[in-house]
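**Student:** With my numbering applied, the sequence shown covers 58 to 477.
Positions of the beta carbon are idealized from the N, C-alpha and C atoms, including for glycine.
This structure is in structure tokens; I'll ask about it shortly.
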Amino acid sequence: MVLDPGAQGLARPQNSKQAGVTKPLRKEAETKSSDRNGIRGHSSVSTPQPEAPLRTISQTSAALGCGLKVNRASAVAPSLVSNRQCSWMRRSESSFSVNSTGSNHSRARIRNATSLPHIARHIPQEPPPVKSPCLLVALRPMNVDKEKEVFFKSNYTYNPQFEYSEPLSTSIMSKYSEASDRFIEQAVRIMKSVVKMYGSYENFEVATGGAMLSKSKIWTCIRSYMRKEGCSGEVVVRLSDDLLSQAVMMVENFRPTLTINLAGARQHWLEGMLRHEIGTHYIRGVNNSHQPWHSAAGRKLYSLKPANPTEEGLASLNSVLYRKYPFLWRASLLYYTVFQASWMPFCQLFQDIAKFVEDPNTRWEYCVRAKRGQTDTALPGCFSKDQVYLDGVLMLLRYRKTIDFKMLVALGKVSFEDVE
Numbered sequence: 058m059v060l061d062p063g064a065q066g067l068a069r070p071q072n073s074k075q076a077g078v079t080k081p082l083r084k085e086a087e088t089k090s091s092d093r094n095g096i097r098g099h100s101s102v103s104t105p106q107p108e109a110p111l112r113t114i115s116q117t118s119a120a121l122g123c124g125l126k127v128n129r130a131s132a133v134a135p136s137l138v139s140n141r142q143c144s145w146m147r148r149s150e151s152s153f154s155v156n157s158t159g160s161n162h163s164r165a166r167i168r169n170a171t172s173l174p175h176i177a178r179h180i181p182q183e184p185p186p187v188k189s190p191c192l193l194v195a196l197r198p199m200n201v202d203k204e205k206e207v208f209f210k211s212n213y214t215y216n217p218q219f220e221y222s223e224p225l226s227t228s229i230m231s232k233y234s235e236a237s238d239r240f241i242e243q244a245v246r247i248m249k250s251v252v253k254m255y256g257s258y259e260n261f262e263v264a265t266g267g268a269m270l271s272k273s274k275i276w277t278c279i280r281s282y283m284r285k286e287g288c289s290g291e292v293v294v295r296l297s298d299d300l301l302s303q304a305v306m307m308v309e310n311f312r313p314t315l316t317i318n319l320a321g322a323r324q325h326w327l328e329g330m331l332r333h334e335i336g337t338h339y340i341r342g343v344n345n346s347h348q349p350w351h352s353a354a355g356r357k358l359y360s361l362k363p364a365n366p367t368e369e370g371l372a373s374l375n376s377v378l379y380r381k382y383p384f385l386w387r388a389s390l391l392y393y394t395v396f397q398a399s400w401m402p403f404c405q406l407f408q409d410i411a412k413f414v415e416d417p418n419t420r421w422e423y424c425v426r427a428k429r430g431q432t433d434t435a436l437p438g439c440f441s442k443d444q445v446y447l448d449g450v451l452m453l454l455r456y457r458k459t460i461d462f463k464m465l466v467a468l469g470k471v472s473f474e475d476v477e
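Right, here's the structure in full:
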């Protein structure tokens, strides 16, 4: 889940200059705005100015064999990579280790958390406007527990009638009302492979996810991961048992806040979730805040495509990449469930996915996600945003040999199609 776009995410430090464009996303826009945005051309090779650090992660690039093309990057934009010490580029712990031999980038300095980009606190002249809750929070039915009880007592024959705390945006619901069948065949094949290998999803969950973690062990893992990535103190972390998703990242009180679902915190899956939320969404968000396309006007100037499905695809890859068997189970089941929900009522959908998931509680959660936003779930209809995970993963894997994954992280919230 990405940082709440309405909060304008991560503010740049006041004393640092705007980072130069690291690649020519659009040459026409680069020519027009070079003086205003500090874009350096081919001939302006110079020592980079000290700035707030960009971050890169190498988990995806290292495993898929797509490294940073230093010569091309340094020739085009010395503001990102120079032949001299790159003192301001922020790397993750794993990236720093992987690149620590045979490269000038090993000298990149990892700064303390106290010197990192922060959320600028708003000092209002007047009472701040009332802000709508995060989309994922707003879409959670307020009577979900009551309807679950009725549904289970009916022996799974009742179609829940959901209520919401506030009216849902018509434009948002319209945007995510159509489901795609483009990757249905791939989704089903992935899930059948898991069931064939493990016998059931429940066996797969225990074998690959490990034991459920206590709160104390979850906090230990989180602190360890934060130290490894050099971002201790930057992200507020909360634990909850009241989420439809495994985790959600948003901005609260001007600080990035990650809420983790206790039900999904398993021994071997927790770090993958942290790589998804912090190692991808948060780090790309920090890097994006230093680019000239960090605002809607900047994205329009450079004619950038939407960040998704690249954003969620990259995050989903990082979730599973270091597992022994990196099955894209969750992305596949979400994709399949959304498509089926587009033409099935809730109770029929619940029965349909039983061929992949036996546990009624797990099936309930997937069905609620697919039907969220609806009031009468007896009607066909879905919330199709969850299809973006598999869509993004398969697109990135298709072009993995030509994608520069490190640069994709360093550039911020951009589509792989915009990196030339």
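Ends of the alpha helix (DSSP H) at residue 417?
**Tutor:** Start and end: 417 to 428.
**Student:** Which runs of the alpha helix (DSSP H) fall wholly inside the stretch 231 to 295 and span at least 4 residues, in chain order?
**Tutor:** Counting only runs of 4 or more, we get 241 to 255, 258 to 261, 272 to 286.
**Student:** Ordered along the chain, which non-local residues of its own chain (more than five positions away) have a Cβ less than 6 Å from that of residue 326?
**Tutor:** Closer than 6 Å at Cβ, skipping near neighbours: 266.
**Student:** Between the alpha carbons of residue 237 and residue 294, how many angstroms are there, rounded?
**Tutor:** When rounded, the distance between both Cα atoms is 34 Å.
**Student:** Which value, in whole angstroms, describes the spacing of the CA atoms of residue 388 and residue 371?
**Tutor:** Rounded to the nearest angstrom, the two C-alpha atoms are 12 Å apart.
**Student:** Among 403, 440, 453, whose alpha-carbon lies nearest the alpha-carbon of residue 209?
**Tutor:** Out of 403, 440, 453, 403 has the C-alpha closest to the C-alpha of residue 209.
**Student:** Could you say which of 451, 442, 417, 401 lies nearest to residue 435 if we only look at CA atoms?
**Tutor:** Comparing Cα-Cα distances from residue 435 to each of 451, 442, 417, 401, the minimum goes to 401.
**Student:** Using a Cβ distance threshold of 8 Å, determine whether the stretch 278 to 289 contacts the stretch 332 to 342, with at least three qualifying pairs required.
**Tutor:** Yes, they touch.
**Student:** Decide if residue 268 is buried, meaning its Cβ has at least 16 other Cβ atoms within 10 Å, or exposed.
**Tutor:** Per the 10 Å Cβ criterion, exposed.
**Student:** Cβ of residue 298 within 8 Å of Cβ of residue 320?
**Tutor:** In this structure, residue 320 lies closer than 8 Å to residue 298 by Cβ.
**Student:** Taking the alpha carbon of residue 392 as the reference point, which residue from 244, 428, 250 has its own alpha carbon closest?
**Tutor:** Looking at the Cα atoms, 244 is the closest of the given residues.
**Student:** Name the DSSP bridge partner or partners of residue 196?
**Tutor:** In DSSP, residue 196 forms no bridge with anything.
**Student:** Between which two residues does the beta strand (DSSP E) carrying residue 315 extend?
**Tutor:** It spans 312 to 318 - the beta strand (DSSP E) in which residue 315 sits, taken as one unbroken run.
**Student:** With a threshold of 7 Å, establish whether the CB of residue 436 neighbours any heavy atom of the ligand MN.
**Tutor:** The ligand MN is not part of this structure, which contains no ligands at all.
**Student:** Taking only three categories from DSSP, how would you classify residue 328?
**Tutor:** If DSSP states are grouped into helix, strand and coil, residue 328 belongs with the helices.
**Student:** Quick check: what's the CA-CA separation for residue 446 versus residue 432?
**Tutor:** In a straight line, the C-alpha of residue 446 is about 25 Å away from that of residue 432.
**Student:** Keeping to the same chain, check which residues put their C-beta closer than 6 Å to that of residue 397; ignore five residues upstream and five downstream.
**Tutor:** Cβ neighbours of residue 397 beyond the five flanking positions: 406, 409.
**Student:** Buried or exposed: residue 363, going by 16 or more other Cβ atoms within 10 Å of its Cβ?
**Tutor:** Label assigned to residue 363: exposed.
**Student:** Which residues bound the beta strand (DSSP E) around residue 304?
**Tutor:** Element bounds for residue 304: 304 to 309.
**Student:** Closest to residue 456 by CA distance: which of 476, 411, 429, 416 is it?
**Tutor:** Taking only the C-alpha atoms, the option nearest residue 456 is 476.
**Student:** Mind checking residue 308: buried by the 16 CB within 10 Å criterion, or exposed?
**Tutor:** Looking at its Cβ environment, which holds 16 or more other Cβ atoms inside 10 Å, residue 308 is buried.
**Student:** Please classify residue 226: does DSSP put it in a helix, a strand, or coil?
**Tutor:** Note: residue 226 maps to coil in three-state DSSP.
**Student:** Count the other CB atoms within 10 Å of the CB of residue 272; is the residue buried (16 or more) or exposed (fewer)?
**Tutor:** Exposed, since its Cβ has fewer than 16 Cβ neighbours within 10 Å.
**Student:** Can the beta-carbon of residue 196 be found closer than 8 Å to that of residue 380?
**Tutor:** For residue 196 and residue 380, no; Cβs fall outside 8 Å.
**Student:** Buried or exposed for residue 415, going by 16 or more other Cβ atoms inside 10 Å?
**Tutor:** The residue is exposed, with fewer than 16 neighbouring Cβ atoms inside 10 Å.
**Student:** From residue 240 to residue 224, what does the alpha carbon distance come to, in whole angstroms?
**Tutor:** Each residue's alpha carbon lies about 32 Å from the other.
**Student:** With distances taken between CB atoms, is the gap from residue 451 to residue 344 smaller than 8 Å?
**Tutor:** No. Outside cutoff.
**Student:** Alpha carbon to alpha carbon, what distance is there between residue 438 and residue 281?
**Tutor:** The alpha-carbon atoms of residue 281 and residue 438 are separated by roughly 42 Å.
**Student:** Taking residue 471 as part of the alpha helix (DSSP H), name the residues at either end of that continuous run.
**Tutor:** Where residue 471 is concerned, there is no enclosing alpha helix (DSSP H), given that its DSSP letter is neither H nor E.
**Student:** Give the DSSP-derived three-state secondary structure of residue 441 in the structure shown.
**Tutor:** Residue state, collapsed to three classes: helix.
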